[in-house]
Amino acid sequence: MKIVIAEKPSVARELAKVFGATTKKNGYIEGKGYSFTWAFGHLLQLAPPQEYGFIGWRRQHLPMLPKKFKLAIRKIKTKEGFVDDPAVKKQLDIIRQLFDEATEIIVATDAGREGELIFRYIYYYLKCKKPFKRLWISSQTDEAIKEGFRNLKPGTDYDTLFNSAHCRSESDWLVGMNATQALSISAGARSVLSLGRVQTPTLAMICSRYLEIKNFVPQTYYQLSIQLDQQGQIFKAISVNSFDKKEEAEALFEKIEDLKSGFPNGGHILDVEAKPRKEPPPLLHDLSSLQQEANKKKGFTADQTLSLLQNLYESKLVSYPRTGSRYIGDDIFAGIPDLIRKVSDHPDFGKQADFLQTVSLNKRSVNAKKVTDHHAILPTGENAYGLSADKQAIYDMVVGRMLEAFHQECVKEVTKITVESGSLFTANGTVIRSAGWRSVWNDNEEEKKDEDNPSLPKVKKGELLPIIEKQLLEKQTKPKAMYNEASLLKALETSGKEIEDEELRYAMKDTGLGTPATRASIIETLITREYIIREKRNLVPTSKGLAVYDVVKDQKIAQAELTGQWEKRLEEIRTGASVTDFKSEITDYTRTITNELLAAGATLLDKMSPKTESVKAG
DNA sequence: GCAAGGTC
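Note that the UniProt record's numbering has the first sequence beginning at 1, numbered continuously upward.
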């Protein structure tokens, strides 16, 4: 019997289907000489400190540097505390039995670093010694799967990939566990003060933005505004320059030749510029962009959106949700017309679905090279009925985005009129000529700048128009907005792009901080630790969060660059570089940060404002 | 009690 092991049940089912294996057994599918089984993501994790004898949180244990890491079954939280997840235990037993009977093991976990780790941890935990082959495919179509099985690779081809995954895993444990205990212990251990490669830079981003806003000093500046009349159609123009000094603005204000000052036609039209502007449709959704849309439109948290989406996925209504790709391959594209046809009876989208069947589809989201482990999120075409309001809302965002992505571009006409009257003024207007993809949601929620006119009257260069009103505007510069879940997710995705060091920036070019699958839980962790709170839609640091930030802000653990450095080294390991070098670097770093935090944490209590900590202390 | 990673 040949055993195929996938990362998750949906993939195992897909593979079994291609082979025509149909006998459903407990925990696997059998047929045609194969058994298709699965994991549920990581079944095993690095064992916690107490399993190496580090019982309790004690200064003398630090840094904890296990000689050899152990693996432990994934835990779930119950009333009695953390226990082995029974579902995981059961699945491991099934896998063990299948491996025992196997004549051949075929690894079909996702084609990437973590997919490799998921399998290897199982394999080593079960002490399996049989050789294995690797299925390596980047598309889940029948043809790609068949081709992949014709081209199975020797399992050992991926040993270096496993090495890099293993290093990632152990390094996160070493740095995270030690830094967390060091800070907690030295701060008096009243509560858990967690730190980690991903959560701490995320906290730092939220805190530094908050402080930037808090310390922001608004600057007053002045602008001039005039209203012109073109045969009864009124439009507004704003001075090209803004002024720091009021006197300067007042001097030019006096020079405006408006009606009240005795000028019947004081607005000289210097120039009229009308340009079409084309907006291509947005790309299909990946998890992050969908979480952002759901947060903006519905106020859902990243975590809520992920769980609603997981639910839709388990009901087979949408494709795999934790994807980082916003593209599909040509094979999937071939099925899009069918999917669009099925939307025809949708109450909101039916009309646009009908329209799309009459035109050729936009292929902006079609690019097989940009499909990684999973393609962009799509509906499956199964009938969706009786969904809860929240689930329906998410489902509609998936369907709506599909229609948008394959729709036509939106064509706007942007007009700019330049007026002279003592000084220069411009009037801007935007008119949608052809809504294209924007007709799907029809909510045209483009932020309108307040100086924008919805539409401008026909005006010709050289014309003279009456100025019916003039105003001196006193304005203030505004700080950046506080992070909310949508803007934070975006910032996590792009955090690598702001790194100055070119190599580190390159190392993070397709990762950012965290992964699509983990970002929602990072936000939740920071909330559980009482580092941040949700205030309306904003994520605001607490005094505890700010105090932790203050201790670590200049340390490497608070910088996105740390991930960049690791990614660079891990990629080198994947291509064959020494593992021992990296490991000893991480050990050194663990020692350093542990000692620094053991010393620094003592100052942390002073930094917390009285209202959070001393109340509890009293 | 603690990381980050994956998923039901």
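C-beta atoms are modelled at their ideal positions from N, C-alpha and C, and glycine is treated no differently.
Item                                                                                                                                                                       : Value
Please determine, among 558, 251, 356 and 267, the residue with the shortest C-alpha to C-alpha distance to residue 258.                                                   : 267
Just checking residue 220 against the ligand FMN - is the residue's beta carbon closer than 8 Å to any of the ligand's heavy atoms?                                        : Although the ligand FMN was asked about, the structure shown includes no ligands whatsoever.
Of all the options 347, 422 and 184, which has the alpha carbon lying nearest to the alpha carbon of residue 441?                                                          : 347
Residue 462: which of 269, 362 and 479 sits nearest, CA to CA?                                                                                                             : 269
Count the other CB atoms, across all protein chains shown, that sit within 10 Å of the CB of residue 231; report buried if there are 16 or more and exposed otherwise.     : exposed
With a threshold of 6 Å on Cβ separation, who are the neighbours of residue 483 within its own chain once the five nearest residues in sequence on each side are excluded? : 206, 209 and 539
According to DSSP, is residue 395 part of a helix, a strand, or is it coil?                                                                                                : helix
In three-state terms, what does DSSP make of residue 429?                                                                                                                  : strand
Let's test the definition: count the other Cβ atoms within 10 Å of the Cβ of residue 262 and tell me whether it reaches 16, buried, or not, exposed.                       : exposed
Counting Cβ pairs, one atom from each stretch, are 3 or more of them under 8 Å apart for the segment 306-323 and the segment 377-395?                                      : yes
From residue 537 to residue 203, what distance separates their C-alpha atoms?                                                                                              : 17 Å
How long is the line joining the alpha carbons of residue 577 and residue 121, rounded to whole angstroms?                                                                 : 21 Å
Could you tell me how far apart the beta carbons of residue 256 and residue 514 are, in whole angstroms, since I believe they sit closer than 8 Å?                         : At roughly 54 Å, the Cβ-Cβ gap does not stay under 8 Å, so residue 256 and residue 514 are not in contact.
Between the C-alpha atoms of residue 274 and residue 412, what's the straight-line distance to the nearest angstrom?                                                       : 10 Å
Go to residue 333, then tell me how far its alpha helix (DSSP H) extends in each direction, as first and last residue.                                                     : 330-333
Using a Cβ-Cβ cutoff of less than 7 Å, which residues in the same chain neighbour residue 455 once the five nearest sequence positions on both sides are dropped?          : 429 and 431
For residue 277, does the count of other Cβ atoms within 10 angstroms reach 16, so buried, or fall short, so exposed?                                                      : exposed
Looking only at its own chain, which residues have a Cβ that is under 8 Å from the Cβ of residue 619, when we skip the five neighbours before and after it?                : Residue 619 lies beyond the stretch modelled for the chain, which goes from 1 to 618, so this question has no answer here.
Using alpha carbons as the reference points, say which of 37, 498 and 549 lies closest to residue 512.                                                                     : 498
Bridge partners of residue 453, per DSSP?                                                                                                                                  : 429
Do you know how far the Cα of residue 408 is from the Cα of residue 450?                                                                                                   : With a pLDDT of 49 at residue 450, under the threshold of 50, the predicted position of this residue should be treated as unreliable, and no value is reported.
Buried or exposed, going by whether 16 or more other CB atoms sit within 10 Å of the CB of residue 447?                                                                    : Low confidence applies here, because residue 447 scores a pLDDT of 48, under 50, leaving its location unreliable and the question unanswered by this model.
Quick one: any contact between the segment 470-486 and the segment 209-219, if contact means 3 or more CB pairs under 8 Å?                                                 : yes
Determine the burial state of residue 613: buried for a count of at least 16 other Cβ atoms within 10 Å of its Cβ, exposed for fewer.                                      : Note that residue 613 scores a pLDDT of 41, beneath 50, so its modelled location is shaky and nothing firm can be said.
Classify residue 50 as buried or exposed, calling it buried when 16 or more other Cβ atoms lie within 10 Å of its own Cβ.                                                  : exposed
May I have the straight-line CA-CA distance separating residue 167 from residue 579, to the nearest angstrom?                                                              : 8 Å
Pick helix, strand or coil for residue 198, following the three-state DSSP scheme.                                                                                         : coil
If you draw a straight line from the C-alpha of residue 172 to the C-alpha of residue 243, how long is it?                                                                 : 52 Å
Out of 363, 592 and 531, state which residue places its alpha-carbon closest to the alpha-carbon of residue 556.                                                           : 592
I'd like the list of long-range same chain contacts for residue 220, defined as Cβ closer than 6 Å, with 5 residues on each side in sequence excluded.                     : 476
Below 7 Å CB to CB, which residues in the same chain sit around residue 118 once its five sequence neighbours on both sides are set aside?                                 : 7, 39, 41, 42 and 109
Does the beta-carbon of residue 508 have 16 or more other beta-carbons within 10 angstroms, so that it is buried, or is it exposed?                                        : buried
What is the residue span of the beta strand (DSSP E) that residue 72 lies within?                                                                                          : 71-73
Leaving out the 5 sequence neighbours to the left and right, which residues in its chain are closer than 8 Å to residue 458 when beta-carbon positions are compared?       : 230
Report the CB separation of residue 148 from residue 133 in whole angstroms; it is logged as a contact under 8 Å.                                                          : So it is not a contact: roughly 11 Å between Cβ atoms.
If you run the structure through DSSP and keep just helix, strand and coil, what is residue 295?                                                                           : helix
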